[in-house]
Structure formats: C-alpha cells, structure tokens
Amino acid sequence: TGEEYFELKTGYEQSIHELSGGIEALEKSMDVLDSQLIRYREMEKDAKSLAQDHVLTAELIERLIERIEIDHERNIHVMFRFKNEFQGKAVEPCTKNM
Numbered sequence: 001t002g003e004e005y006f007e008l009k010t011g012y013e014q015s016i017h018e019l020s021g022g023i024e025a026l027e028k029s030m031d032v033l034d035s036q037l038i039r040y041r042e043m044e045k046d047a048k049s050l051a052q053d054h055v056l057t058a059e060l061i062e063r064l065i066e067r068i069e070i071d072h073e074r075n076i077h078v079m080f081r082f083k084n085e086f087q088g089k090a091v092e093p094c095t096k097n098m
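Note that UniProt numbering numbers the sequence shown so that position 4 is 4, with each residue one more than the last.
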C-alpha cells in the first residue's frame, strides 16, 4: 500500500543518511592516515639520508625539532615535531644536563 511504501522509503532514506555519515567519517580518517603516511615517508627518507651521510643539516633539524629550551640550571629540553602514534602520546622530551 501507499502507507507501507512511504514507511519503507523513509527507512531507506534514514539508512542512506546514516551510511553517508559513516562514509564521510571514514574518508576523513583516510585523509588523516594519508597525511601521516606522507610524514612517515619523509621521516624515513631523512633517516636514510642521515644514516648514509651522517650529516645533520639545518633543514633536517627544522623538520624534526619543534623547540629547544635551556633552563637556568643548563638543562636542555628538546621537543620534537613528531609523536609516537602507536602509543598515542607525545614522545618524551630528550633531556641532558650539561
């Protein structure tokens, strides 16, 4: 009947709307993963270059290090640009006393 048709149509439209939202969320997740992959490939290239040449360039330092702080006690704190994505937390700062 006409009433059943409209009920089914409404149900299908709701399902389509929900699935479209799910697809959109998955596409956003894929974009995030794609950008992470690009960063990882750049880091891999940098690591290979550093392993071969043993030369630390200003460009490489700029890409890897966010900030370097030295406090009054001469403690050095290095904040890196990358995170350890497998543990879900930022990499611990490298500290060294002079």
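Don't be surprised by glycine CBs; every beta carbon is placed ideally from N, CA and C.
On a predicted model such as this, the values are computed, not experimentally measured, just so you know.
Between residue i and residue j, which are expected to be in contact by the criterion C-beta below 8 Å, what is the C-beta distance as a whole number of angstroms?
i          : j          : result
residue 78 : residue 68 : 5 Å
residue 74 : residue 46 : In fact, because the Cβ distance is near 29 Å, the residues do not count as touching under 8 Å.
residue 81 : residue 59 : Contact flag wrong, Cβ pair sits at about 13 Å.
Give me the Cα-Cα distance between residue i and residue j, rounded to the nearest whole angstrom.
i          : j          : result
residue 14 : residue 32 : 27 Å
residue 98 : residue 44 : With a pLDDT of 46 at residue 98, under the threshold of 50, the modelled position of this residue cannot be trusted; read the value that follows with caution. Roughly 30 Å between the two C-alpha positions.
residue 12 : residue 3  : 14 Å
residue 30 : residue 1  : 43 Å
residue 52 : residue 28 : 36 Å
residue 25 : residue 72 : 47 Å
residue 17 : residue 54 : 54 Å
For the alpha helix (DSSP H) containing residue i, list its first residue and its last residue.
i          : result
residue 6  : 2-53
residue 59 : 58-64
Let's see if you can read the secondary structure: which residues bound the beta strand (DSSP E) around residue i?
i          : result
residue 80 : 75-80
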